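Written out below as structure tokens is the structure these notes cover.
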Amino acid sequence: MPIVRVALDIPLSTLFDYTVAEGIAVAAGQRVIVPFGRRQMVGVVMECVAATEMAPERIKPVTQVLCDSAPLSAELFDLLRFCSDYYRYPIGQTVLSALPTRLRSDKPVISRVTLSYRLSASGAALDLDAPPRDGGAEPSGAGGAAERLLPQSAGYASNVSQPFPKRKVVQRRILAKLAEQPCNLAQLKSLSATVGAQLKALVAEGWAESFLETHSSEGSPFDTSGRTATSVQKHTFDNAHMLTGEQQQAVDTVTQTSSYACFLLHGITGSGKTEVYVHLMHHVLQRGGQVLLLVPEINLTPQLEHYFRSRFPDVNLISLHSGLSEGERLHNWQQAQAGVAQIVLGTRLAVFAELPRLALIIVDEEHDSSFKQQDGLRYSARDVAIFRANQRGVPIVLGSATPSLESYHNAQSGRYRMLRLTGRALAEARLPAVRCININQTVMHHGISENLLREIGLRIARREQSLLFINRRGYAPVLMCTGCGWLSGCKHCAGKMVLHLNDKRLRCHHCGYQLHVPHACPSCGNADLHPVGSGTQRVENVLQERFPEARILRVDRDSTRNKRAWQTMREQIHANEVDILVGTQMLAKGHDFPALTLVGVLNPDSALYSSDFRAAEKLFAQLAQVAGRAGRADKPGEVIIQTAFPDHPLFLALQTHDFEGWAASQLAERQMAGFPPFVYQAMLRAEGKQETGVYAFLNQARAAAVALQFAVEILGVVPAALPRRANHIRAQLLIQGAKRKDLQQFLRAWQPLLDALPAQKLRWSLDIDPLEF
Ligand code: ADP
Ligand code: ZN
Ligand code: ZN
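Take any residue in the sequence shown, count from 1 to its spot, add 1: that is its number in our numbering.
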């Protein structure tokens with residue numbers, strides 16, 4: 002009897018063998034339901050083999066082979082096997098976590114059928130350009146029998162070309178489109194908001210007809226080779242701009258590459274990186290390829306989706322991110338898998354989409370730490386994308402105004418190829434002027450300097466927008482007793498509880514624990530409790546007091562919890578219904594606010610001397626991003642940074658817009674200190690209720706690592722940055738290798754030893770290339 006090796010969502014690094022009853026066809030990549038213990042589970046067949054080492058009587062049969070979805074490809078399996086090995090995560094869990102939720106459930110999926118539309122015979126006989134003949138085709142009254150042209154019964158011979166009412170603009174456009182080629186609803190959407198209803202009318206009147214989309218012309222959904230199906234497709238392309246010389250050069254360099262190469266597109270904010278992406282996509286789409294565009298933020302996808310749709314009105318673009326419903330996500334995933342989706346725009350999880358005709362990958366804002374998953378399969382979508390491009394033999398473009406030092410270093414050493422955009426695309430849009438205000442030499446009002454307030458006042462008078470950037474939500478990061486020095490610590494964590502004045506709560510941002518704000522100090526009874534420091538709410542209050550007339554909008558996780566909130570806010574900002582924006586990093590990323598001319602940065606200093614060696618890199622990227630929001634249109638922008646260290650090299654580099662110089666000095670420091678990208682790291686983390694248990698585990702793990710005697714550096718066991726969270730003690734152990742290969746070999750040898758260690762009542766994980774310390 003044939004045997005299948007099945008990936009299951011089980012934390013063991015093996016596949017599981019099952020038999021398949023005679024006569025049942027099963028292939029690698031198919032989903033199956035199998036018995037596991039007392040449960041039935043969904044798994045994926047990774048291999049079909051003739052024999053197994055298991056005793057025949059112990060092998061159970063597959064319960065059911067699911068044929069409701071096309072099998073996964075060998076190419077995807079290779080990618081997932083690489084991820085499982087590289088990130089030291091069980092193969093079964095790796096495979097299952099890459100699938101949309103619906104494919105992980107044992108309920109059969111009923112995929113939404115995509116209907117396509119084409120002209121009916123009478124529709125094909127229509128003359129869309131001819132003027133209407135007298136009386137007949139253009140009825141005067143609305144409604145009534147004359148309105149309906151009833152093509153079959155109206156007595157026109159089908160070979161007589163019949164005019165179509167000019168008045169029905171949308172219907173005419175749809176017909177014209179269908180005359181070129183059959184389309185589905187998604188492809189017609191760009192024609193009008195009412196396209197659905199109009200199409201229905203056309204079908205009802207017999208001009209158009211629907212049919213079941215068979216993917217034969219686009220490669221069968223079950224054909225995973227995909228590459229053979231290179232039907233060249235025509236699409237409309239809105240070539241909005243003449244490319245600048247630098248843009249053209251970047252586009253040419255990438256399009257001349259037909260095999261794997263990794264490009265770093267380093268372009269200052271507003272230099273037109275998006276325009277380069279658009280042209281690269283156009284090139285690929287013309288040749289029938291699929292493009293994968295990864296973006297860091299789910300918040301950015303609707304905006305980008307809209308933008309790319311407007312540039313490629315009839316191209317099938319889908320998005321993949323966790324904000325979609327399960328049904329939508331499955332549908333989109335299957336469109337990608339069938340090769341029908343031409344552009345796939347997604348957050349990190351989209352890197353695992355099946356893309357049979359993948360020809361280009363773009364990673365926008367490649368430096369963004371959101372590309373790294375922080376639990377389960379702790380992958381970096383950027384790095385997996387690079388592996389994928391290499392595996393597939395296609396180019397990949399990493400874009401950023403402030404590349405990660407890893408990528409920048411690779412581009413300098415020749416591993417990647419550097420593409421530079423050094424000027425802003427719009428000649429009149431200049432980079433903002435950046436200056437620092439020394440907070441120790443000026444009058445401060447609850448964290449905002451007098452000078453900054455004055456500048457905001459000027460902007461309000463000129464009807465321009467200001468943005469205040471502060472990376473803390475809530476009213477104040479801590480509440481303090483002036484009598485005894487008590488601080489509002491969380492009783493479950495090592496962190497402080499944040500004061501939220503709106504609902505009079507103290508709230509722990511680490512574990513979610515909350516309390517009513519006490520009326521008196523819980524320690525000494527003193528009633529004099531003071532908020533220390535500022536968060537977004539406090540800044541909002543200060544501004545409202547100073548500028549009672551101003552329209553102030555706070556944008557942070559608290560104010561955007563509601564799904565549509567952010568969308569509404571963006572519209573308000575664009576309609577210039579806002580004078581001052583107060584926000585966290587949510588506001589820094591990729592948004593284009595034309596009326597914004599002033600950016601104030603309130604308290605960046607803590608990152609300057611942080612114990613996290615990446616803190617300064619992140620701060621520079623964040624400030625360059627947020628500064629890039631100012632003065633993008635015709636008005637010059639200004640950035641004011643409030644700091645106690647106005648001469649810090651980071652701020653000097655920001656003022657001169659000197660990423661190169663800054664990166665060079667940071668890389669030199671990293672090299673001296675032996676930090677990435679000059680070493681490769683893996684972090685073993687453990688947490689549990691008992692401190693002794695956590696440390697015992699890590700110390701044993703360390704001893705085992707030392708005993709292996711590999712060419713890696715094994716650091717000491719230390720408390721995590723937040724040593725206690727939700728009543729769990731947290732500690733960690735860092736391993737470094739000068740070569741990626743050394744570290745990988747070590748990890749392969751070490752992991753089985755870790756698996757064998759007693760680890761009752763604690764959770765541990767390995768994080769390869771960790772970003773958080
Ligand atoms: P980035 O993504 O690098 O920050 P964008 O792609 O958003 O920059 O471009 C900034 C602005 O410049 C946009 O308004 C865009 O439409 C415009 N733009 C881009 N390329 C050109 C060009 N070649 N000519 C004119 N305008 C351009
Ligand atoms: Zn007190
Ligand atoms: Zn807490």
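Ideal placement from N, C-alpha and C gives every residue a C-beta, glycine not left out. Remember, predicted model here, so these are calculated numbers, not experimental data.
Ranges of the alpha helix (DSSP H) found wholly within the stretch 72-119, counting only runs of at least 4: 75-87 and 92-98, all fully within the stretch 72-119.
query: Sorted by chain position, which residues of the same chain lie with C-beta nearer than 6 Å to Arg421's C-beta, five sequence neighbours on each side aside?
result: If we look at Arg421 and ignore the five residues flanking it on each side, its Cβ neighbours are His267.
task: Check whether the stretch 483-495 touches the stretch 603-610, taking contact to mean three or more Cβ pairs, one atom from each stretch, closer than 8 Å.
output: No: fewer than three Cβ pairs fall under 8 Å.
- request: Examine ligand 3 and report whether any of its heavy atoms sits within less than 7 Å of the Cβ of His592.
  value: A distance criterion of 7 Å places the beta-carbon of His592 beyond contact range of ligand 3, judged by its closest non-hydrogen atom.
query: If you measure from the CB of Ser405, is any heavy atom of ligand 1 nearer than 7 Å?
result: Relative to the non-hydrogen atoms of ligand 1, the Cβ of Ser405 never comes closer than 7 Å to any of them.
field: Whole-Å CB distance - Glu367 paired with Leu399, under 8 Å assumed
entry: Sure, about 4 Å apart at Cβ, within 8 Å.
message: Is the separation between the beta-carbon of Leu104 and that of Leu331 shorter than 8 Å?
response: For Leu104 and Leu331, yes; Cβs fall inside 8 Å.
Delimiting residues of the alpha helix (DSSP H) encompassing Asn542: Note, Asn542: alpha helix (DSSP H), Thr537 to Arg547.
field: Residues surrounding ligand 3 [beta-carbon distance to nearest heavy atom under 5 Å]
entry: Those residues that bring their Cβ nearer than 5 Å to a heavy atom of ligand 3 are Cys491, His493, Cys494, Cys509, His511, Cys512 and Tyr514.
Buried or exposed by the 16-neighbour rule on C-beta atoms within 10 Å, applied to Ala52: The residue is exposed, with fewer than 16 neighbouring Cβ atoms inside 10 Å.
task: Could you check which residue in Val627, His501, Lys740 and Val255 has the C-alpha nearest to that of Ala683?
output: Nearest C-alpha to Ala683: Lys740.
query: Cα-Cα, which of Ala351, Glu550 and Asn700 is closest to Thr302?
result: Among Ala351, Glu550 and Asn700, the Cα nearest to that of Thr302 belongs to Ala351.
query: Shortest alpha-carbon distance to Pro433 belongs to which of Asp107, Leu597 and Phe774?
result: Closest by C-alpha distance to Pro433, out of Asp107, Leu597 and Phe774, is Leu597.
query: Ser121: buried (16+ other C-beta within 10 angstroms of its C-beta) or exposed?
result: Ser121 counts as buried, since at least 16 other C-beta atoms from the protein chains shown sit within 10 angstroms of its C-beta.
message: So for Gln153, helix, strand or coil by DSSP?
response: Confidence at Gln153 is low in this model, with a pLDDT of 38, below 50, so its placement is unreliable and no value can be given for it.
message: Which residue wins for smallest C-alpha separation from Gln343, given the options Phe353, Ala360, Glu639 and Thr443?
response: Of the candidates Phe353, Ala360, Glu639 and Thr443, the one whose C-alpha sits nearest the C-alpha of Gln343 is Ala360.
task: Using only alpha-carbon positions, find the residue among Ala566, Phe548, Pro549 and Glu550 that is nearest to Val556.
output: When each option's Cα is compared against that of Val556, the closest is Ala566.
query: Do you know how far the Cα of Leu772 is from the Cα of Ala617?
result: If I take the Cα positions, the gap works out to 13 Å.
- prompt: Along the chain, where does the beta strand (DSSP E) that runs through Gly584 open and close?
  reply: Residues Ile581 to Gly584.
query: Does DSSP classify Tyr681 as helix, strand or coil?
result: Reduced to three states, the DSSP call for Tyr681 is strand.
Where Met282 falls: helix, strand or coil (DSSP): DSSP places Met282 in helix when its eight states are reduced to three.
query: Do Gly584 and Thr537 have their C-beta atoms closer together than 8 Å?
result: Closer than 8 Å, so yes.
Status (buried if at least 16 other CB within 10 Å, exposed otherwise) for Arg508: Around the Cβ of Arg508, a 10 Å sphere holds 16 or more other Cβ atoms; the residue is buried.
- request: Check whether the stretch 191-199 touches the stretch 162-178, taking contact to mean three or more Cβ pairs, one atom from each stretch, closer than 8 Å.
  value: As far as the Cβ criterion goes, the stretch 191-199 touches the stretch 162-178, which means the pair count is three or higher.
query: Whose C-beta lies closer than 7 Å to the C-beta of Leu189 among residues of the same chain, with five residues either side of it excluded?
result: Around Leu189: Ile175, Lys178, Val196 and Leu200.
- request: Please say whether Leu699 and Ser716 have beta carbons closer to each other than 8 Å?
  value: Reading off the sequence, residue 716 comes out as Leu, not Ser. The answer is no: Cβ separation not under 8 Å.
field: Distance, Ala386 Cα to Leu293 Cα
entry: For Leu293 and Ala386, the gap between their C-alpha atoms comes out near 9 Å.
query: Do you know offhand how far Pro720's Cα is from Lys762's?
result: So the two alpha carbons sit approximately 18 Å from each other.
field: Coarse secondary structure for Gly394, derived from DSSP in three states
entry: Coil, per DSSP.
field: Pick from Met55, Thr15, Arg32 and Gln466 that is closest to Ile574, judged by C-alpha positions
entry: Cα-wise, what sits closest to Ile574 is Gln466.
- prompt: Alpha carbon to alpha carbon, how far is Lys108 from Thr237?
  reply: Spanning the two alpha carbons is a distance of roughly 40 Å.
message: Can you find the residues in the same chain that come closer than 6 Å, C-beta to C-beta, to Phe223, ignoring five residues on each side of it along the sequence?
response: A caution first: Phe223 carries a pLDDT of 35, below 50, which makes its placement in the model unreliable, though a value can still be read off. Its chain contains Ala71 as the residues whose beta carbon lies nearer than 6 Å to that of Phe223, once the 5 sequence neighbours on both sides are disregarded; these appear in chain order.
- prompt: Should Ser123 and Gly207 be called a contact, given that it needs their Cβ atoms to be closer than 8 Å?
  reply: Cβ distance < 8 Å, so Ser123 and Gly207 count as in contact.
field: alpha helix (DSSP H) segment containing Arg173, residue limits
entry: Here the alpha helix (DSSP H) through Arg173 covers Val170 to Glu181.
- request: Just tell me which of Pro753, Leu582 and Leu734 has its CA closest to the CA of Ile1.
  value: There is simply no residue 1 to check, as the chain begins at 2 and stops at 774 in what is shown.
field: Nearest-residue set for ligand 1, Cβ under 6 Å from any heavy atom
entry: Residues with a Cβ closer than 6 Å to any heavy atom of ligand 1, in chain order: His242, Met243, Leu244, Thr245, Gln248, Gly268, Thr270, Gly271, Ser272, Gly273, Lys274, Thr275, Glu276, Ala426 and Leu427.
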